[in-house]
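**Q**
Protein chains: 2
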Amino acid sequence: MIKNPASSFDLNSYLILKRKKVNAFINEILNNTASSSRIVQAMHYSLMAGGKRVRPILCIAASEAVGGNADDVLPAACALEMIHTYSLIHDDLPAMDNDNLRRGKPTCHKAFDEATAILAGDALLSLAFRILSSINLINKNNSSNQLKIIHKISFATGHNGMIEGQMRDIASEGTLLSLKKLEDMHSLKTGALIEASIFSGALLGGGSPKQIDQLEIYAKNIGLAFQVTDDILNIEGDPAVMGKAVGTDNARGKSTYPSIMGLDKSKEFAKKLVHNALQALDDFDSNSNSLRAIGYYIIERKK
Amino acid sequence: MIKNPASSFDLNSYLILKRKKVNAFINEILNNTASSSRIVQAMHYSLMAGGKRVRPILCIAASEAVGGNADDVLPAACALEMIHTYSLIHDDLPAMDNDNLRRGKPTCHKAFDEATAILAGDALLSLAFRILSSINLINKNNSSNQLKIIHKISFATGHNGMIEGQMRDIASEGTLLSLKKLEDMHSLKTGALIEASIFSGALLGGGSPKQIDQLEIYAKNIGLAFQVTDDILNIEGDPAVMGKAVGTDNARGKSTYPSIMGLDKSKEFAKKLVHNALQALDDFDSNSNSLRAIGYYIIERKK
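Protein chains in written order, with our numbering: chain W, 169 to 471; chain G, 169 to 471.
1. Establish whether the CB of W/Val208 and some CB of chain G are separated by less than 8 Å.
2. On the criterion of 16 or more Cβ atoms from any shown chain inside 10 Å, does G/Val190 qualify as buried, or is it exposed?
3. How big is the Cα-Cα spacing for G/Pro243 and G/Ile299?
4. I'd like to confirm the pairing. Which residues does DSSP put opposite G/Arg270 in its beta bridges?
5. Does DSSP put G/Lys435 in a helix, in a strand, or in coil?
6. So W/His327 and G/Ile207 are supposed to be a Cβ contact under 8 Å. How far apart are they, rounded?
7. Taking any Cβ of chain B, which residues in the stretch 283–297 of chain G have a Cβ under 9 Å from it, in chain order?
8. Just by C-beta distance, which residues in the stretch 313–338 of chain W are closer than 7 Å to chain G?
9. Would you kindly report the start and end of the unbroken alpha helix (DSSP H) that includes G/Leu256?
10. Can you pull the chain G neighbours of W/His258, defined as C-beta to C-beta under 7 Å?
11. So, for W/Met169: in the same chain, excluding its five sequence neighbours on each side, which residues have a beta-carbon less than 6 Å away from its beta-carbon?
12. Please list the partners that G/Met250 has in chain W, where partner means a Cβ-to-Cβ separation under 7 Å.
13. Using a beta-carbon distance cut-off of less than 9 Å, what residues from the stretch 346–373 of chain W approach chain G?
14. If you draw a straight line from the alpha carbon of G/Leu459 to that of G/Leu183, how long is it in whole angstroms?
15. Candidates W/Asp450, W/Asp451, W/Ser376 and W/Ala445: which alpha carbon is nearest W/Tyr465's?
16. Give the residues of chain W in contact with G/Leu261, contact being defined as C-beta atoms less than 7 Å apart.
17. Report all residues from its chain with a CB closer than 6 Å to the CB of G/Glu332; omit the five preceding and five following residues, and keep chain order.
18. My understanding is that W/Met216 touches W/Ala288, with C-beta atoms under 8 Å, so please give their C-beta distance in whole angstroms.
19. Does DSSP classify W/Met169 as helix, strand or coil?
20. Using the beta-carbon of each residue, which ones in chain G are nearer than 8 Å to W/Ser311?
21. Report all residues from its chain with a CB closer than 7 Å to the CB of W/Gln395; omit the five preceding and five following residues, and keep chain order.
22. Should W/Lys433 go down as buried or exposed, given a rule of 16 or more other Cβ atoms within 10 Å for buried?
23. Hey, how far is the Cα of G/Lys470 from the Cα of G/Gly218?
24. Just tell me which of W/Ser456, W/Ala291 and W/Ile385 has its CA closest to the CA of G/Met335.
25. Report yes or no: is there a C-beta of chain W within less than 8 Å of the C-beta of G/Met429?
26. Starting from W/Thr397, trace the alpha helix (DSSP H) both ways and give me its first and last residue.
27. Just tell me which of W/Thr424, W/Gly411, W/Ile385 and W/Ile428 has its CA closest to the CA of W/Leu441.
28. Starting from the beta carbon of G/Ser205, find every residue of chain W whose beta carbon is closer than 8 Å, and list them in chain order.
29. Using a Cβ cut-off of 8 Å (strictly closer), state whether W/Ile303 contacts chain G.
30. For the structure I just gave you, are there three or more beta carbon pairs, one from the stretch 217–231 of chain W and one from the stretch 246–263 of chain W, closer than 8 Å?
31. So what does DSSP say about G/Met429, is it helix, strand or coil?
32. Roughly how many angstroms lie between the CA atoms of W/Phe323 and W/Ala360, to the nearest whole one?
33. Would you mind telling me which residues of chain G sit closer than 8 Å to W/Met216, beta carbon to beta carbon, in chain order?
34. Report the residue from W/Ile225, W/Glu196, W/Lys188 and W/Asn195 whose alpha carbon sits nearest the alpha carbon of W/Gly463.
35. Can you tell which of G/Ala408, G/Met410 and G/Glu404 has the C-alpha that lies nearest to the C-alpha of G/Asn418?
36. Whole angstroms is fine: what's the gap from W/Pro426's alpha carbon to W/Ile400's?
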């Protein structure tokens, strides 16, 4: 078992505080628009449907780890959540996963309609880039860094990242992937945006190139660990705690870590990944305790 | 009848030359990716389905009008075409206009499938922002201007622009809009991106604030004139020349300029708009002859 190197860190309070900040900022952005319009209602509905805010929190924690602060990266953090939400709205569509429920609530196309859901996703992606290109994004107003994060994020969300991952996910349903192909698929579908989240926080927070390199190693490992643990919870989780059904991966014939390497080896693998992630933080001071605690939490979480 | 103030300008050769440049650059971008993937094939298919390249050409012409050159703005121009193509792919989807053909070829979801079409659109939007944020976008490497065009374009494509326009277009089918509401709808759906195209070209080309203001007046007027003429052609056009059916607006119960103000008044209105557009170019030298010729062409075109 991995020892929690930041056991005195109160992760729960940290997560609550950061989620509150993120939610307040998202509400502010949407209230500044013509909120009576149906499209903004749909965007708001999906953004406020109870997401864990993993990407914005990782962005903020990465900024803090290099000595930056949360407020400076909050717009970028929220833009990342908008991109994540857009991807979920589109993934849930009838032509893709055809899901009626997400986090216990009707999916966007069920609560509104299919055209509105497609357009709400589209609008969230544009809104994310609008926020990322705002001149008020960072106090230091370093345009060159702003362009770098837009470039990184647009790469991560596109046909060399998230979109290709989703294409492979759809194509692979019902076939058993090799471990390499499964890892590539997750790395594209979810890993790239998690890495971009941490990169953005670290760059805007003023991290050195070496610090950013180390944080990217952290990101790669916890992104994958998060996925492996998701697969494990889909077998062993408690539906009452998780708020969603278990056993669905198996029923859908999806390739997962447990289906390829077995349950015990998957657990070992998740621990090894978190170990690697924490090791990448060795040269960081106590400002990175949130990232350490998040790494530890990933394999201990029950939902 | 408006006198063509740039009658000696060979618009046809100009359009052929610029289209060639745009097509070559788009091909280069897509060939630099893993082109064997299905998603890139779908993106390529729709990008190369015979578009007129109106937005990239306006971007290039605006740059030239302020003394810039085509090659410096070519990446931005092509990014604008990717955004336009993404919007067409999504508009054609079964949940929206449910069109099987575009420019005589099967629409993306017919040639591939619905999931691929949704994702190809998504990927084109991300690719556009990836190109716009590339450090090689402009020779002068003025990050601040790059951010400004990303901001303008992401505003134009989002819930205060194109997306809201499409929402209103869907909602209005079968009802007769007021002239004001019809204008607002087109201004959002197509006007905003045309204005952003001209703004981007003018800013990257080194235009002064006053020049950019004048070009924005030009853009607003020709954007609307283009739409009014489209509505007129849908009644009077020759299907053989246009390569698409006429009378479809009426059959679908769509509000159009002729349906609201009559055919003759619509023609007068289009001429007045082009007159206003050309007037906005009064202080520009002969480098703006392409913009003048394009304005003139808009009301004379047969397809």
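Even for Gly, the Cβ is constructed at its ideal location relative to N, Cα and C.
This one's a predicted model, so the numbers in the text were calculated from it and none came from an experiment.
**A** With the given structure in hand:
1. yes
2. buried
3. Using only the alpha carbons, I get a separation of about 7 Å.
4. Answer is G/Lys273, bridged to G/Arg270.
5. helix
6. 5 Å
7. Considering every chain present, this structure includes no chain B. Its protein chains are W and G.
8. Gln314, Leu315, Ile318, His319, Ser322, Phe323, Thr325, Gly326, His327, Asn328, Ile331, Glu332, Gln334, Met335 and Ile338
9. Ala238 to Asp259
10. Ile286 and Asp290
11. Confidence at W/Met169 is low in this model, with a pLDDT of 46, below 50, so its placement is unreliable and no value can be given for it.
12. Ordered by position in chain W, no residue passes the 7 Å Cβ test against G/Met250, which lies about 11 Å from the chain.
13. none
14. 11 Å
15. W/Ala445
16. Ile286
17. Closer than 6 Å at the Cβ level, and outside the excluded window around G/Glu332, lie Leu356.
18. Between W/Met216 and W/Ala288, the beta carbon gap of about 13 Å keeps them out of contact (Cβ cut-off 8 Å).
19. Residue placement at W/Met169 is flagged as unreliable, the pLDDT there being 46, under the threshold of 50; the coordinate-derived value follows with that caveat. If DSSP states are grouped into helix, strand and coil, W/Met169 belongs with coil.
20. Ser311, Ser312, Gln314 and Leu315
21. His354 and Thr358
22. Exposed, since its Cβ has fewer than 16 Cβ neighbours within 10 Å.
23. 17 Å
24. W/Ala291
25. So no, G/Met429 is outside the interface.
26. Pro377 to Glu404
27. W/Ile385
28. Result: His327, Glu332 and Met335.
29. yes
30. yes
31. helix
32. 8 Å
33. Going along chain G, no residue has its Cβ under 8 Å from W/Met216, so there is no contact; the nearest lies around 16 Å.
34. Just measuring C-alpha positions, the residue of W/Ile225, W/Glu196, W/Lys188 and W/Asn195 sitting nearest W/Gly463 is W/Ile225.
35. G/Glu404
36. 7 Å
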